[in-house]
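Asks: Top to bottom, those sequences are chains A and B.
Using this note's numbering, the letters of the first sequence map in sequence onto residues 1 to 258.
Using this note's numbering, the letters of the second sequence map in sequence onto residues 1001 to 1452.
Ideal Cβ placement from N, Cα and C applies to all residues, glycine included.
For clarity, every value in this text was computed on a predicted model and none was experimentally measured.
One structure, as structure tokens, below. Some questions next.
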Amino acid sequence: MLEIKNLHVTVGGKAILKGLDFSIEAGQVHAIMGPNGSGKSTLGNVIAGREGYEVTQGEVLYKGKNLLELAPEVRACEGIFMAFQYPVEIPGVNNTYFLRAALNAQRKYRGEPELDSMQFLKLVREKLKILHINDDLLHRAVNEGFSGGEKKRNEIFQMAVLEPVLAILDETDSGLDIDALRLVAEGVNRLRSDDRAMIVITHYQRLLDHIVPDKVHVLADGKIVARGGAELALKLEEQGYTWLEQGGIQSLGAELRA
Amino acid sequence: MSALAQQWGESLRSATPAQGPRWLDELRLRASDQLTAHGLPQRKDEDWKYTPMRVLEKLNPAIAYHPGSENHFLEKGQTTERGLNGKWFSDPIFPAALLDKPDYEIRVYDGVLVGHEGSDRPGVTVLSLSEGLQRYEPLLRKYIESVDISGSAQAFTALNTATLNQGLVIHINQQADAGTVLLRWALSGKAGPSIHNFRVFLLLDAGARMQLVEQFESADHSGSALNVVVHVELGSNAVLDHLRLQNESENTVLMSSTRIEQAQGSRYLYAGFDLGGGLVRHELKTVFGGRGAHATFLGAFVLDNARHVDNHISVDHASPGCSSEQFFRGVLGGRSRGVFSGKALIRPGADESSVRQSSANLLLSPLAQIDTKPELEIYADEVEARHGATVGQLDEAAIFYMRSRGLGEAEAKRLLVAAFCRAVTDRLENQALAGRVSQLIDQAMPSFTQEN
Chain A
1 MLEIKNLHVT
11 VGGKAILKGL
21 DFSIEAGQVH
31 AIMGPNGSGK
41 STLGNVIAGR
51 EGYEVTQGEV
61 LYKGKNLLEL
71 APEVRACEGI
81 FMAFQYPVEI
91 PGVNNTYFLR
101 AALNAQRKYR
111 GEPELDSMQF
121 LKLVREKLKI
131 LHINDDLLHR
141 AVNEGFSGGE
151 KKRNEIFQMA
161 VLEPVLAILD
171 ETDSGLDIDA
181 LRLVAEGVNR
191 LRSDDRAMIV
201 ITHYQRLLDH
211 IVPDKVHVLA
221 DGKIVARGGA
231 ELALKLEEQG
241 YTWLEQGGIQ
251 SLGAELRA
Chain B
1001 MSALAQQWGE
1011 SLRSATPAQG
1021 PRWLDELRLR
1031 ASDQLTAHGL
1041 PQRKDEDWKY
1051 TPMRVLEKLN
1061 PAIAYHPGSE
1071 NHFLEKGQTT
1081 ERGLNGKWFS
1091 DPIFPAALLD
1101 KPDYEIRVYD
1111 GVLVGHEGSD
1121 RPGVTVLSLS
1131 EGLQRYEPLL
1141 RKYIESVDIS
1151 GSAQAFTALN
1161 TATLNQGLVI
1171 HINQQADAGT
1181 VLLRWALSGK
1191 AGPSIHNFRV
1201 FLLLDAGARM
1211 QLVEQFESAD
1221 HSGSALNVVV
1231 HVELGSNAVL
1241 DHLRLQNESE
1251 NTVLMSSTRI
1261 EQAQGSRYLY
1271 AGFDLGGGLV
1281 RHELKTVFGG
1291 RGAHATFLGA
1301 FVLDNARHVD
1311 NHISVDHASP
1321 GCSSEQFFRG
1331 VLGGRSRGVF
1341 SGKALIRPGA
1351 DESSVRQSSA
1361 NLLLSPLAQI
1371 DTKPELEIYA
1381 DEVEARHGAT
1391 VGQLDEAAIF
1401 YMRSRGLGEA
1411 EAKRLLVAAF
1421 CRAVTDRLEN
1431 QALAGRVSQL
1441 IDQAMPSFTQ
1451 EN
């Protein structure tokens, strides 16, 4: 579904990604772990289409097509969704209104009829019920005055309504306490499906206790340096990123080294 | 002296003098002399520093005289044939009304009061200026003579006074309620570029109430100018809700000067929405003449191309225990320019006054410009005063966030601008009206969201 080959990205003239290879198929959940500054969030932003990231080499294919030439909204309409590390507050724009406008923009793109407010409300109620989210989020402005946990849950709620093909969760666990983490993870798990791929970007292993990945990729200094199953995350947790940076990767079995 | 002012001076000298009481004839001449002597507002006039006359000079309008229509005000529900083919209530020149079923509807077409229609509410009188002068001469004279017509800064009130013979008087008796009144202005442009002058009197006795909605929109885009002077008198505890929305074409010039006198406990609410026009200026001056009066000035302007809108507010806290608020939101695209000048004067002895001023502006293009000038002069004690002015751009992070959910860039910007302006429309009590205004604000936006 998504194939990234030899991706080089600079931000403000500084090389961040330096030849990253990555691929994921429908139905899978992959985790990307790595120390701060390794380029995890850059990867998410490049896939979502944020400005300011210059791709100097390599390619990103989504459903076999060049993703990089698409505008962010077209990527969204094609089924890409990024849950932001720092969801943006938009004062004055009602959460429900915004989400309906977004969903209808996507439906229009796909040639599906737009939902009226009654139909949309029905859909929203179903999703809220599945995610155990209180409906007071609906009546507020987008993320305005939300707690850290509420913001992250709102991201997952948006994901549930927009039903993406490929979801990227960018450090969705950051800033969450244990209870909020569990709630968010449960929400994500409910959205796992055979035709959806998810990329979970995280610094810590603890999220992966709740969202068990099919595969773990370790990102360091702009490259994937190791790949393995969920147990690789445990190994990292145990040894720490310093171990990785100090050449610990060499102690991994050859089958794990990228 | 500009060529236009000279041309107006010659026109005024050769015009057939309008008939009226002698004091008015004399005042007209005096105003005419003032205008001829001083000409149009200039850059050196502090109050006009940011509002040049270029658009007006380019339009080069001739003064429109309406001597024949002086006593032509129609009976309720009647129609006129004058330029309207007897169908003015369905004339397409008037855009969709902002109010569905106003209690009164009054129309001014090319500076001429062409008719009114409405319920007979007890204690409510609607008259033409000439009828008003017969009925309330001493009172109207007081207001007419109180208008400052001296110097180039007052060129438009001088012009309005020099040509004074078209106007509207609404008088509401003590404790009476006029309900909703829709005042619709239209310019046809049929006689070529002209400047039309008109005078309005809104006289609310003690405890009287009215909700007035003024709507300006010309069907013809060839360009005209309208110069309106409004007198508002609010008796003690009177309440006036005054909404003004203009959606004029880019070569229309609209000048308005509104003077409000408020007795104790009275409330004045102005909500101005400027979504168009080439050169637009609203001057609003209120004077608190008694304790416990309150005035709120709300405004939103959404401008594109080379439009210019200037809001000049001044509040004179001449009495203690009064409160005032100025709350403006401006959105500027293209090469448009906005001016906000908000002044509050708290005179000695006007203790326990409260003043709030807020002016926030979004610049959507590198060539758009805003001059915002909150000004507080405080000479009293125990005064609560807050003011703030901001100029910024749309939040790029918010735009990306919205795009990443599937909304196009233009739609994302529209939502942000609409949200920005909603801070003003949310303050309107009439929900239906707020909804209509929001829609019009929305429609005013696409041209600049696409060009960026």
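Find out if the Cβ-Cβ distance for the pair Pro-1320 of chain B, Ser-1152 of chain B is shorter than 7 Å.
Replies: By 1-based counting over the second sequence, the position of residue 1320 of chain B is 320. By 1-based counting over the second sequence, the position of residue 1152 of chain B is 152. Cβ distance not < 7 Å, so Pro-1320 of chain B and Ser-1152 of chain B don't count as in contact.
Asks: Do we get a CB-CB distance below 7 Å when we pair Phe-1400 of chain B with the residues of chain A?
Replies: Here residue 1400 of chain B refers to the residue found at position 400 when the second sequence is read from its first residue. It does; some Cβ of chain A falls within 7 Å.
Asks: Check whether the Cβ atoms of Leu-1098 of chain B and Gln-1215 of chain B sit closer than 7 Å, and answer yes or no.
Replies: Walking along the second sequence from the start, residue 1098 of chain B turns up at place 98. Walking along the second sequence from the start, residue 1215 of chain B turns up at place 215. In contact: Leu-1098 of chain B and Gln-1215 of chain B (Cβ atoms closer than 7 Å).
Asks: Closer than 9 Å by beta-carbon distance: list the chain B residues that pair up with Met-84 of chain A, in chain order.
Replies: If you number the first sequence from 1, residue 84 of chain A lands on position 84. Note on residue identity: the sequence assigns Phe, not Met, to residue 84 of chain A. Tyr-1401, Ser-1404, listed in chain order.
Asks: Just how far apart, CA to CA, sit Ser-1069 of chain B and Leu-115 of chain A?
Replies: Within the second sequence, residue 1069 of chain B is the residue found at index 69, counting from 1. Within the first sequence, residue 115 of chain A is the residue found at index 115, counting from 1. Because Ser-1069 of chain B sits at a pLDDT of 48, beneath the cut-off of 50, its placement in the model cannot be relied upon, and the point is left open.
Asks: Roughly how many angstroms separate the alpha carbons of Val-1437 of chain B and Thr-1425 of chain B, rounded to a whole number?
Replies: By 1-based counting over the second sequence, the position of residue 1437 of chain B is 437. By 1-based counting over the second sequence, the position of residue 1425 of chain B is 425. Answer to the nearest angstrom: the Cα atoms are 7 Å apart.
Asks: Taking the DSSP output, what are the residues bridged to Ala-263 of chain A?
Replies: Nothing about residue 263 of chain A can be read from this structure; chain A reaches only from 1 to 258.
Asks: How long is the line joining the alpha carbons of Ser-1218 of chain B and Ala-1062 of chain B, rounded to whole angstroms?
Replies: Against the second sequence, residue 1218 of chain B aligns to sequence position 218. Against the second sequence, residue 1062 of chain B aligns to sequence position 62. Between Ser-1218 of chain B and Ala-1062 of chain B, the C-alpha separation is close to 18 Å.
Asks: Below 8 Å on C-beta distance, what does Pro-72 of chain A contact in chain B?
Replies: What you label residue 72 of chain A is simply residue 72 of the first sequence in a count that begins at 1. The contacting residues are Phe-1400, Arg-1403, Ser-1404.
Asks: Should Arg-153 of chain A be flagged as near chain B, meaning a C-beta pair shorter than 7 Å?
Replies: The sequence position of residue 153 of chain A within the first sequence is 153, counting from 1. Chain B contact via Cβ: absent.
Asks: Using three-state DSSP, classify Gln-239 of chain A as helix, strand or coil.
Replies: Start at 1 with the first residue of the first sequence, and residue 239 of chain A comes out as number 239. Looking at Gln-239 of chain A - three-state DSSP - the assignment turns out to be helix.
Asks: Are the C-beta atoms of Leu-1440 of chain B and some chain A residue less than 7 Å apart?
Replies: Here residue 1440 of chain B corresponds to residue number 440 of the second sequence, with the count starting at 1. Not an interface residue.
Asks: In three-state terms, what does DSSP make of Gly-1115 of chain B?
Replies: The sequence position of residue 1115 of chain B within the second sequence is 115, counting from 1. Residue state, collapsed to three classes: strand.
Asks: With 16 as the cutoff for other CB atoms within 10 Å, does Leu-207 of chain A come out buried or exposed?
Replies: If you number the first sequence from 1, residue 207 of chain A lands on position 207. Flag for Leu-207 of chain A reads buried.
Asks: Using DSSP's beta-bridge definition, name the partner residues of Trp-1185 of chain B.
Replies: What you label residue 1185 of chain B is simply residue 185 of the second sequence in a count that begins at 1. The partner list for Trp-1185 of chain B (beta bridge, DSSP) reads B:Val-1108, B:Phe-1216.
Asks: So for Gln-158 of chain A, helix, strand or coil by DSSP?
Replies: Taking the first sequence and counting its residues from 1, the one referred to as residue 158 of chain A is at position 158. In the structure shown, Gln-158 of chain A sits in a helix (DSSP, three-state: H, G or I).
Asks: For Gly-1435 of chain B, decide whether its Cβ has a neighbour in chain A, counting only Cβ atoms nearer than 7 Å.
Replies: Looking up residue 1435 of chain B in the second sequence gives position 435. Judged by the 7 Å Cβ criterion, Gly-1435 of chain B is not in contact with chain A.
Asks: Please list the residues of the region 76-106 of chain A that have a C-beta atom closer than 9 Å to any C-beta atom in chain B, keeping them in chain order.
Replies: Taking 9 Å as the Cβ-Cβ cut-off against chain B, the residues of the region 76-106 of chain A that qualify are Ala-76, Cys-77, Ile-80, Phe-81, Met-82, Phe-84, Tyr-86, Pro-87, Val-88, Glu-89, Ile-90, Pro-91, Gly-92, Val-93, Asn-94, Tyr-97, Phe-98, Leu-99, Ala-101, Ala-102, Leu-103, Asn-104, Ala-105, Gln-106.
Asks: In whole angstroms, what separates the C-alpha of Gly-1083 of chain B from that of Leu-1363 of chain B?
Replies: The residue given as residue 1083 of chain B occupies position 83 in the second sequence. The residue given as residue 1363 of chain B occupies position 363 in the second sequence. Per-residue confidence for Gly-1083 of chain B stands at a pLDDT of 31, beneath the threshold of 50, marking its modelled position as unreliable; the derived number appears in the next sentence. Cα to Cα, Gly-1083 of chain B sits roughly 41 Å from Leu-1363 of chain B.
Asks: Starting from Ile-201 of chain A and walking both ways along the beta strand (DSSP E), at which residues does that stretch end?
Replies: Your numbering for residue 201 of chain A matches position 201 in the first sequence. 197-202 is the extent of the beta strand (DSSP E) around Ile-201 of chain A.
Asks: Tell me whether Pro-1366 of chain B sits in a helix, a strand or coil according to DSSP, three-state version.
Replies: Within the second sequence, numbered from 1, the residue matching residue 1366 of chain B stands at position 366. DSSP places Pro-1366 of chain B in coil when its eight states are reduced to three.
Asks: Can you give the beta carbon distance from Arg-1356 of chain B to Ala-1318 of chain B, rounded, assuming they're within the 8 Å contact cut?
Replies: If you number the second sequence from 1, residue 1356 of chain B lands on position 356. If you number the second sequence from 1, residue 1318 of chain B lands on position 318. Not a contact, Cβ separation roughly 18 Å.
Asks: Expressed to the nearest angstrom, what Euclidean distance is found between the alpha-carbon atoms of Asn-134 of chain A and Arg-153 of chain A?
Replies: Within the first sequence, numbered from 1, the residue matching residue 134 of chain A stands at position 134. Within the first sequence, numbered from 1, the residue matching residue 153 of chain A stands at position 153. About 10 Å.
Asks: How many Å lie between Gly-58 of chain A and Phe-22 of chain A at the Cα?
Replies: As a first step, residue 58 of chain A must be located in the first sequence, where it is residue number 58. As a first step, residue 22 of chain A must be located in the first sequence, where it is residue number 22. If I take the Cα positions, the gap works out to 11 Å.
Asks: Measuring alpha carbon to alpha carbon, tell me which of B:Ala-1293, B:His-1387, B:Arg-1329 ends up nearest Pro-1374 of chain B.
Replies: The residue labelled residue 1374 of chain B in the question sits at position 374 within the second sequence. Nearest of B:Ala-1293, B:His-1387, B:Arg-1329 to Pro-1374 of chain B, Cα basis: B:His-1387.
Asks: Return the chain-ordered list of same chain residues with a C-beta closer than 6 Å to the C-beta of Leu-262 of chain A, the five sequence neighbours on each side being excluded.
Replies: Lying before the first or after the last residue shown, residue 262 of chain A is absent from chain A, which here runs from 1 to 258.
Asks: Taking the Cβ atom as the reference point for each residue, do Arg-75 of chain A and Gly-49 of chain A lie within a distance shorter than 7 Å?
Replies: Residue 75 of chain A sits at position 75 when you count from the first residue of the first sequence. Residue 49 of chain A sits at position 49 when you count from the first residue of the first sequence. Yes.
Asks: Given this structure, state the Cα-to-Cα distance separating Gly-1167 of chain B from Gly-1276 of chain B, to the nearest angstrom.
Replies: Start at 1 with the first residue of the second sequence, and residue 1167 of chain B comes out as number 167. Start at 1 with the first residue of the second sequence, and residue 1276 of chain B comes out as number 276. C-alpha separation (whole angstroms): 24 Å.
Asks: How about the region 1247-1257 of chain B and the region 1415-1429 of chain B: do they share at least three Cβ pairs that are nearer than 8 Å?
Replies: As far as the Cβ criterion goes, the region 1247-1257 of chain B does not touch the region 1415-1429 of chain B, which means the pair count is below three.
Asks: Does the Cβ of Ala-26 of chain A lie closer than 6 Å to at least one heavy atom of the ligand ZN?
Replies: The ligand ZN is not part of the structure shown, which contains no ligands of any sort.
Asks: Alpha carbon to alpha carbon, how far is Leu-219 of chain A from Pro-35 of chain A? Give it in angstroms, no decimals.
Replies: In the first sequence, counting from the first residue as 1, residue 35 of chain A sits at position 35. In the first sequence, counting from the first residue as 1, residue 219 of chain A sits at position 219. Approximately 8 Å, taken between the alpha carbons.
Asks: Consider the Cβ of Ala-1419 of chain B: report whether some Cβ of chain A lies at a distance smaller than 7 Å.
Replies: On the second sequence, position 419 is the one that residue 1419 of chain B refers to. Cβ-Cβ to chain A under 7 Å: yes for Ala-1419 of chain B.
Asks: Could you tell me whether the Cβ of Pro-1299 of chain B comes closer than 7 Å to any Cβ of chain A?
Replies: Locating residue 1299 of chain B in the second sequence gives position 299, where the first residue counts as 1. The question names Pro, yet the displayed sequence has Gly at residue 1299 of chain B. Not one chain A Cβ lies under 7 Å of Gly-1299 of chain B.
Asks: Residues of chain A with CB closer than 7 Å to the CB of Gly-1392 of chain B, please, in chain order.
Replies: For the purposes of this step, residue 1392 of chain B is identified with residue 392 of the second sequence, where counting begins at 1. Within 7 Å Cβ-Cβ: nothing; Gly-1392 of chain B doesn't reach chain A, min ~13 Å.
Asks: Have a look at Gln-158 of chain A and Ala-105 of chain A and give me their C-alpha separation to the nearest angstrom.
Replies: Numbered from 1 along the first sequence, position 158 holds the residue referred to as residue 158 of chain A. Numbered from 1 along the first sequence, position 105 holds the residue referred to as residue 105 of chain A. Cα to Cα, Gln-158 of chain A sits roughly 14 Å from Ala-105 of chain A.
Asks: Ordered along the chain, which non-local residues of its own chain (more than five positions away) have a Cβ less than 8 Å from that of Glu-171 of chain A?
Replies: On the first sequence, residue 171 of chain A is found 171 positions in, with the first residue counted as 1. Excluding positions up to five away in sequence, the list reads Lys-40, Ser-41, Gln-85, Ile-201, Thr-202, His-203.
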